[in-house]
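For reference, the structure discussed in these notes is given below.
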Amino acid sequence: GAFAHIIGTLELLAPEERSLIKGIVINKFRGQRSLLDSGIEWLEKRTNIPVIGVIPWIEEVFPAEDSLSLLEQRSSKFNADITIAIIKLPRISNFTDFDPLDSESSVNIKYLNPNDNLGYPDAVIIPGSKTTISDLLVLQKSGMATALKNYQAAGGTIMGICGGFQMLGEVLIDAQGLEGQRGEYQGLGLLPLKTVIAAQKISRQRQVIANYPLGNLPIIGYEIHQGRSKITKPDMVSPLFNDRDLGFINNNQSVWGNYLHGIFDNSPWRRSWLNLLRKKRGLEGLPTGVANYREQREMMLDSITDQVNRHLNLKLIFN
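Quick note on numbering: the sequence shown equals residues 1269 to 1587 in our numbering.
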């Protein structure tokens, strides 16, 4: 199949395009490399283009590509202890925030469309959005907003990140029409929060200290948002971090909201939050002294680099 694909692709190219191709790489090969020798010899004679490497299949070495369609392909983990539902907003952004959760063997991630039945998962996450107000209106029109409020009232745990954090509040104000029609929009009302959409976007790396679920945990992440959010009733919430404007938790710790993308990359924090969910189920806590997901990702990249160095003719490429 790979050889037919290569030949077919080359035949479809114009001569000037084909002349730009200097080498062929066969990727994700399962089996003995020697089985391809005769085929490679034929391919090189047929195309006059050298095969510069055969890269083997690297099992589960790196997160899936950044494509929304791949959210549909994630399989259930039948041995998972807890289930976390993530609302698949029409204009969802930064959904790779949840790769660290998906890497946990004890966690089953379930992506729900706004029209789906929410059920009663262990937690629900409202992710970031490219256009927060329009996605909020979708949640309200579909009935998901009501389902989320009923879920929280029944004892469920909800987290909102960035745009999802803003949706958890009482009101979002877009006086300049930056996200569409000017106006004041009612949020879910699960946090005493008022958000004003501003013209200037905040985009910055952050290093903060968490107050919850455990204190004095160093956290690394980033902000990217246009909203400016303020708490209207400080006695009803506590700040999640030493930066008091970055996120909040309500008094019974059922509603969490923050602006920090990449928060789940911080493994001690992620495990501590998961342990709260596990405790509600009467499950034993997970160890929190594990490497951060970003460090694990660097190890994955190193593994890929080693494989490429071993199986590609880099000298031919650089020459």
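Note that beta-carbon positions come from the ideal geometry of N, C-alpha and C, so glycine has one too.
Legend entry - Segment limits, beta strand (DSSP E) that includes Asp1442: Per DSSP, the unbroken beta strand (DSSP E) holding Asp1442 starts and ends at 1439 to 1442.
Inset, instruction - Taking 8 angstroms as the cut-off, decide whether the C-beta atoms of Val1322 and Leu1304 are in contact. - result: Closer than 8 angstroms, so yes.
Legend entry - Boundaries of the beta strand (DSSP E) in which Pro1555 is found, first to last residue: That residue, Pro1555, is in no beta strand (DSSP E); it is neither H nor E in DSSP.
Inset, instruction - Going by CA-CA distance only, name the one from Val1439, Gly1307, Ser1506 that's closest to Leu1404. - result: Val1439
Inset, instruction - Identify which residue in Phe1509, Met1504, Gln1494 has its Cα closest to the Cα of Asn1484. - result: Measuring from the Cα of Asn1484, the nearest candidate turns out to be Phe1509.
Legend entry - the stretch 1405 to 1413 in contact with the stretch 1372 to 1379 per 3-pair CB rule at 8 angstroms: no
Legend entry - CA-to-CA distance, Phe1532 to Phe1433, given in whole angstroms: In this structure, the straight-line span from the alpha carbon of Phe1433 to that of Phe1532 is close to 15 angstroms.
Inset, instruction - Flag this pair as yes or no: are the beta carbons of Ser1522 and Gly1424 separated by less than 8 angstroms? - result: yes
Inset, instruction - With distances taken Cα to Cα, identify the nearest neighbour of Gly1448 among Pro1507, Gln1494, Ile1401, Pro1460. - result: Its Cα nearest to that of Gly1448, the residue Ile1401 stands out among Pro1507, Gln1494, Ile1401, Pro1460.
Inset, instruction - Would you mind giving the Cβ-Cβ distance between Asn1381 and Lys1398, rounded to the nearest angstrom? I have them listed as a contact below 8 angstroms. - result: Not really, about 17 angstroms apart at Cβ, beyond 8 angstroms.
Legend entry - Whether Leu1369 touches Ile1377 by CB criterion (8 angstroms): Result yes, Cβ atoms of Leu1369 and Ile1377 sit closer than 8 angstroms.
Inset, instruction - Starting from the Cα of Thr1315, find the closest Cα among Gly1530, Leu1280, Arg1301 and give me that residue. - result: Of Gly1530, Leu1280, Arg1301, the residue nearest in Cα terms is Leu1280.
Inset, instruction - Count the other CB atoms, across all protein chains shown, that sit within 10 Å of the CB of Tyr1561; report buried if there are 16 or more and exposed otherwise. - result: buried
Legend entry - Status (buried if at least 16 other CB within 10 Å, exposed otherwise) for Gln1420: buried
Inset, instruction - List the endpoints of the continuous alpha helix (DSSP H) containing Tyr1561. - result: 1561 to 1579
Inset, instruction - Measure the alpha-carbon distance for Ile1354 versus Leu1584 and round it to whole angstroms. - result: 46 angstroms
Legend entry - Phe1516 beta carbon less than 8 angstroms from that of Gly1530: No, the Cβ-Cβ distance between Gly1530 and Phe1516 is not below 8 angstroms.
Legend entry - Burial state of Ser1571, where buried means 16 or more other Cβ atoms lie within 10 Å: So Ser1571 ends up on the exposed side.
Inset, instruction - Determine the DSSP secondary structure at Gln1420, reduced to helix, strand or coil. - result: helix
Legend entry - Cα-Cα separation between Ser1471 and His1493, rounded to whole angstroms: 7 angstroms
Legend entry - Distance CB(Pro1395)-CB(Ile1429) smaller than 8 angstroms: yes
Legend entry - alpha helix (DSSP H) segments (min. 4 residues) lying fully within the stretch 1270 to 1311: 1270 to 1280, 1283 to 1286
Inset, instruction - Using 10 angstroms around the beta-carbon of Leu1311, count the other beta-carbons present and answer buried if the total reaches 16, otherwise exposed. - result: Buried, by the Cβ-count rule.
Inset, instruction - Note down the Cα distance separating Gln1473 from Glu1563, rounded to an integer number of angstroms. - result: 17 angstroms
Legend entry - Alpha-carbon spacing of Asp1367 relative to Glu1566, whole angstroms: 14 angstroms
Inset, instruction - Please say whether Pro1389 and Ile1360 have beta carbons closer to each other than 8 angstroms? - result: Going by C-beta atoms, Ile1360 is not nearer than 8 angstroms to Pro1389.
Legend entry - Coil, strand or helix - Asn1385 by DSSP: coil
Legend entry - Identity of the residue in Leu1554, Asn1534, Val1558 nearest Leu1542 by Cα: Leu1554
Inset, instruction - Give the DSSP bridge partners of Ser1497, in chain order. - result: Thr1463
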